[in-house]
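Engineer:
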Amino acid sequence: PGNVWDFGHLPKLWRSKSESYMRVLHFKLETALGTIAVLLGSPGTKVVNAPVGLGYVFAGEDRKARLIRPLLRKALRHLLNPRGSVVIFENTEDLCELQQIGALRGGGIVIKGAGVNLEEFPRQQEPVGEPITVLLAARMIEEKGIRVYIAAASALRAEGRSYRFLLAGGVDHQHSAAISEADLKSWHAAGIVEWLGDRHDMSAVIGQCNIFCLPTWHREGIPKVLLEAMATGRAIITTNVVGCRELIQHNKNGWLVPPRDVSALADAIDRIAKDVQLRRKLGTAARRDVERNYSSEQVCRQTLRVFKGLVPVPEHNRRQKWRSNTASSRNSNANAARNTVLCIVPSYNGRNDLERLLRSMAAQDIEHDVLVIDSSSSDGSAAMVNALFPEVRLQVIEKADFGHGKTREMAFRQNPGYTFYVYVTQDAYFSSANSLRNLLNAFEESRVGAVCGRQIPHLDANIFAKFSRYFNYPPVSQVRCLDDRKKLGIKTAFLSDSCSAYRADALRDAGGFPEDVKVSEDLYVGAKMLLAGWCIAYSETPICYHSHNYSIKQEVKRYRDIGAFHGSQKWIAREFGGAGGEGLRYAIGELKFLGWRRISLWPVSMARNAAKYIAFHYGYIHK
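Read in the working numbering, the sequence shown has 145 at position 144, and its numbers run on one by one without any break.
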């Protein structure tokens, strides 16, 4: 405490012929030595490790990368995420990679990049007239795709295209794969590109171009220059690599091409250069995404939430806050909620999962309150919440008093005054620091009464659990209203309280949650809400991780309960159609998903789905 350990200049120790070999360990050494310093010098101090990207060691296929990778993986398992620490990643794929090798205890948090100052990078209109200008701004090193860009420019000039190609960035003399100044000057002299050198007025430089291009083949974190180009409102062409595809969705807010593919890059430049409407569409969507998710203010709030979550609250303050939180959980309508969003988490004997979820909630970039309703867990869940998350309200109920609909309705009725109620199960967790914001964005449409967040499978999900997420949560946004039941059937009312949000007015119009059902309380509310004139939205953006590796026995019990629900709520089938058609489509889709490469699993798939079918109809009849 009171000391700051700065390892930012560590690579200077290796200014030698072996420098290029050691540079690949730059952030990893900072992470390792920083963590060791804390563990040895002040064991009680909290640690935040924030790797910018996994980079060369994890992406490279040469001998050096393959040699270092297993050693680095072993080191990271011990030093990246010790107990009491938090790891911040810039993209989801880096987080997943390190989860898979067992380097994370708490799941990690994604904060996408350093953000961009929207005042420094305001939206600018495209230059008018000819020629169309293309810009690449980056360090002048091989892995940023400089030579690919030069080759694409040469190819387009050979075809008679009169586009103007700009290249901005200084020579990195210390990098082992630096583009030489002689090469840059020769390309400039040949008229292939205009090399602008090292520039510090990037807003003005980006404002000169119609198209921004970053053909990197390097494993990125979140490229800052892409955020700057997006903020400026430029059509972006970049490669389908880690980090870049975290920001850019093909043909939505930019254009993705394969790495190191000169022809694909040239074709993309040519197509977008010729289509002004396409450029405007991509640029407008890019600017909107930055405003919603990537401004400096949002990133700062997300980061500060992580650090605030690690700062211990003095005991007397904790008790005072606990008393006020306990009292507020029994508020009446006279005491309106401080925030507009309440996240409700039912829990039972899932301490580790619950901690992971609450950490992901603490990192969200919008204000919200959290209520955990614990069914008298015996694994220390309640004590963990009190000790680590004093800002979270905790309500303990008897195990016998829990009910899927009953408990959620109790939370809604006992906590009035919020505009939106978000229900999340303890075994799910938010996939990034803007997940909650993305979930609630759908309420911008006034007719939307509920939003179902897209779920993606946990990293340990088996093939059947992965298909379940793929089938029920496709990457296609939609708004479903009552008129859509002819086309979508029972899927029209689909919601999942593992990760869904409700507008308070719509939930009241639907009559709230049913108190006498074991499962499918979300489907019940969705159907009632549609009949009351509201619509249901589904977000294509991944909101949370959630999946189950169910055994056949567990599937049988689950589908027996689902069948009993439909048998007791036959009005849903009358209004929206039965669930049988969806079951057949699911069974066929699962076989296709397995494909010929997994034909050995076909009998297992058919047995599982047959068991679910029988269990459903047994429950339906013996409700």
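C-beta atoms are modelled at their ideal positions from N, C-alpha and C, and glycine is treated no differently.
Can you tell which of Glu446, Phe577, Ile615 and Ala443 has the C-alpha that lies nearest to the C-alpha of Thr493?
Structural biologist: Translated into the one-based positions of the sequence shown, residue 493 becomes position 492. Comparing Cα-Cα distances from Thr493 to each of Glu446, Phe577, Ile615 and Ala443, the minimum goes to Phe577.
Engineer: If contacts are defined as beta-carbon pairs under 8 Å, then Leu483 and Leu531 qualify, I think. What distance do you get, rounded to the angstrom?
Structural biologist: On the sequence shown, residue 483 is found 482 positions in, with the first residue counted as 1. On the sequence shown, residue 531 is found 530 positions in, with the first residue counted as 1. About 5 Å; that satisfies the 8 Å criterion.
Engineer: Run through the stretch 175-241 for me and flag every whole beta strand (DSSP E) of 3 or more residues, listed as ranges in chain order.
Structural biologist: Qualifying beta strand (DSSP E) stretches, in chain order: 195-198, 212-215 and 236-240.
Engineer: Between Tyr546 and Asp498, which are expected to be in contact by the criterion C-beta below 8 Å, what is the C-beta distance as a whole number of angstroms?
Structural biologist: As a working note, residue 546 is residue 545 in the sequence shown. As a working note, residue 498 is residue 497 in the sequence shown. Between the beta-carbon of Tyr546 and that of Asp498 there is about 16 Å, and that puts the pair past the 8 Å contact cut.
Engineer: Given a cut-off of 8 Å, decide if Gly527 and Ala588 are closer than it, judged by their beta-carbon atoms.
Structural biologist: Within the sequence shown, residue 588 is the residue found at index 587, counting from 1. Within the sequence shown, residue 527 is the residue found at index 526, counting from 1. Not a contact, by the Cβ cut-off of 8 Å.
Engineer: Below 8 Å on the Cβ atoms is my contact criterion, and I expect Arg74 with Ile37 to pass it. Report the Cβ-Cβ distance as a whole number of Å.
Structural biologist: As a first step, residue 74 is located in the sequence shown; it is residue number 73 there, counting from the start. As a first step, residue 37 is located in the sequence shown; it is residue number 36 there, counting from the start. No, Arg74 and Ile37 are not in contact; Cβ-Cβ is about 17 Å, not under 8 Å.
Engineer: Would DSSP call Ser325 helix, strand or coil?
Structural biologist: Numbered from 1 along the sequence shown, position 324 holds the residue referred to as residue 325. At Ser325 the pLDDT is 40, less than 50, meaning the model places this residue with poor confidence and gives no usable figure here.
Engineer: Have a look at Pro391, Asn439, Tyr295 and Ser204 and flag the residue whose alpha-carbon is nearest the alpha-carbon of Lys113.
Structural biologist: Start at 1 with the first residue of the sequence shown, and residue 113 comes out as number 112. The shortest C-alpha separation from Lys113 is found at Tyr295.
Engineer: Taking 7 Å as the cut-off, is the C-beta of Leu441 nearer than that to any heavy atom in the ligand SAM?
Structural biologist: For the ligand SAM, the structure offers nothing, since it holds no ligand at all.
Engineer: Pick from Glu292, Gln570, Asp268 and Thr233: whose alpha carbon is nearest that of Asn442?
Structural biologist: Sequence index remark: in the sequence shown, residue 442 carries index 441 (1-based). It is Glu292.
Engineer: Residues bridged to Arg481 by DSSP?
Structural biologist: In the sequence shown, counting from the first residue as 1, residue 481 sits at position 480. DSSP output for Arg481 lists Ile537 as bridge partner(s).
Engineer: Just curious, the alpha helix (DSSP H) that Ala269 is in, first and last residue?
Structural biologist: As a working note, residue 269 is residue 268 in the sequence shown. That run of the alpha helix (DSSP H) goes Val263 to Lys275.
Engineer: Should Gln126 go down as buried or exposed, given a rule of 16 or more other Cβ atoms within 10 Å for buried?
Structural biologist: Taking the first residue of the sequence shown as position 1, residue 126 is located at position 125. With fewer than 16 Cβ atoms within 10 Å of its Cβ, Gln126 is classed as exposed.
Engineer: Can you list, in chain order, the residues of its chain whose CB lies under 7 Å from that of Thr93, leaving out five sequence neighbours each side?
Structural biologist: Translated into the one-based positions of the sequence shown, residue 93 becomes position 92. So the list reads Val111, Glu247, Ser432 and Ser433, once near-sequence residues are dropped.
Engineer: Between the Cα of Val397 and the Cα atoms of Ala388, His405 and Ala383, which residue gives the shortest distance?
Structural biologist: What you label residue 397 is simply residue 396 of the sequence shown in a count that begins at 1. With distances taken between Cα atoms, Val397 lies closest to Ala383.
Engineer: Is Val452 helix, strand or coil by DSSP?
Structural biologist: Taking the sequence shown and counting its residues from 1, the one referred to as residue 452 is at position 451. Reduced to three states, the DSSP call for Val452 is strand.
Engineer: Would you grab the beta carbon distance between Val53 and Gly222 for me? Rounded to a whole angstrom, and I think it's under 8 Å.
Structural biologist: As a working mapping, residue 53 is identified with position 52 in the sequence shown. As a working mapping, residue 222 is identified with position 221 in the sequence shown. That pair is a contact at about 4 Å.
Engineer: Could you give the uninterrupted runs of the alpha helix (DSSP H) lying entirely in the stretch 523-581, keeping only those of 4 residues or more?
Structural biologist: 553-569 and 571-577
Engineer: Taking C-alpha atoms, which residue in Arg470, Gly534 and Arg272 lies nearest to Ala1?
Structural biologist: The requested residue 1 does not occur in the structure, where the chain is confined to residues 2 to 624.
Engineer: Starting from the Cα of Asp202, find the closest Cα among Val135, Tyr164, Leu167 and Phe122 and give me that residue.
Structural biologist: By 1-based counting over the sequence shown, the position of residue 202 is 201. Selected option, being the one with the closest Cα: Phe122.
Engineer: Quick check on Lys253: buried or exposed, where buried means 16 or more other Cβ atoms within 10 Å of its Cβ?
Structural biologist: Taking the sequence shown and counting its residues from 1, one reaches residue 253 at position 252. If you draw a 10 Å sphere on the C-beta of Lys253, you find fewer than 16 other C-beta atoms in it, and that means exposed.
Engineer: Do you know offhand how far Val263's Cα is from Ala190's?
Structural biologist: Reading the sequence shown from its first residue, position 262 is the one you call residue 263. Reading the sequence shown from its first residue, position 189 is the one you call residue 190. Cα to Cα, the separation comes out at about 22 Å.
Engineer: Taking just the CA atoms, how far does Gly244 sit from Met231?
Structural biologist: For the purposes of this step, residue 231 is taken as the residue at position 230 of the sequence shown. For the purposes of this step, residue 244 is taken as the residue at position 243 of the sequence shown. Roughly 14 Å separates the two Cα atoms.
Engineer: Where does Arg200 land, buried or exposed, given buried means 16+ other C-beta within 10 angstroms?
Structural biologist: Indexing the sequence shown from 1 puts residue 200 at position 199. Result: exposed.
Engineer: Please say whether Ser155 and Ile207 have beta carbons closer to each other than 8 Å?
Structural biologist: In the sequence shown, counting from the first residue as 1, residue 207 sits at position 206. In the sequence shown, counting from the first residue as 1, residue 155 sits at position 154. Not closer than 8 Å, so no.
Engineer: Should the stretch 558-566 be called in touch with the stretch 468-482, which here means at least 3 C-beta pairs below 8 Å?
Structural biologist: no
Engineer: Between which two residues does the beta strand (DSSP E) containing Phe166 stretch?
Structural biologist: Numbered from 1 along the sequence shown, position 165 holds the residue referred to as residue 166. Start and end: Arg165 to Ala169.
Engineer: Using 8 Å as the threshold, is the C-beta distance between Thr217 and Val258 below it?
Structural biologist: In the sequence shown, the residue the question calls residue 217 occupies position 216. In the sequence shown, the residue the question calls residue 258 occupies position 257. Going by C-beta atoms, Thr217 is not nearer than 8 Å to Val258.
Engineer: Does DSSP put Gly255 in a helix, in a strand, or in coil?
Structural biologist: On the sequence shown, residue 255 is found 254 positions in, with the first residue counted as 1. Gly255: strand per DSSP, three-state reduction.
Engineer: Report the rounded CA-to-CA distance for Trp6 versus His79, giving the unit in angstroms.
Structural biologist: Translated into positions along the sequence shown, residue 6 becomes position 5. Translated into positions along the sequence shown, residue 79 becomes position 78. Legend: pLDDT at Trp6 = 42, less than 50; position of this residue unreliable, no value from coordinates given.
Engineer: CB Asp380 to CB Asp428, shorter than 8 Å?
Structural biologist: Reading the sequence shown from its first residue, position 379 is the one you call residue 380. Reading the sequence shown from its first residue, position 427 is the one you call residue 428. In this structure, Asp380 sits away from Asp428, with a CB-CB distance that is not shorter than 8 Å.
Engineer: Specify, as a first and last residue, the run of the alpha helix (DSSP H) that Val386 falls within.
Structural biologist: Taking the first residue of the sequence shown as position 1, residue 386 is located at position 385. Note, Val386: alpha helix (DSSP H), Ser382 to Leu389.
Engineer: Which same chain residues end up closer than 8 Å to Met304 when comparing Cβ atoms and leaving out the 5 residues on each side of it in sequence?
Structural biologist: Residue mapping note: residue 304 aligns to position 303 of the sequence shown, counting from 1. One detail in the question is off: residue 304 reads as Thr in this sequence, not Met. The answer, listed in chain order, is Ile89 and Ile112.
Engineer: Does the beta-carbon of Leu41 have 16 or more other beta-carbons within 10 angstroms, so that it is buried, or is it exposed?
Structural biologist: In the sequence shown, residue 41 corresponds to position 40, counting from 1. Answer is exposed; the Cβ neighbour count stays below 16.
Engineer: DSSP state of Asn463, grouped into three classes?
Structural biologist: Taking the first residue of the sequence shown as 1, we reach residue 463 at position 462. Here Asn463 sits in coil by DSSP.
Engineer: Starting from the C-beta of Arg409, find all residues in its chain whose C-beta is less than 8 Å away, skip the five residues before and the five after it, and write them out in chain order.
Structural biologist: Looking up residue 409 in the sequence shown gives position 408. Hits under 8 Å: Ile345, Pro347, Tyr424, Asp498, Phe514 and Glu522.
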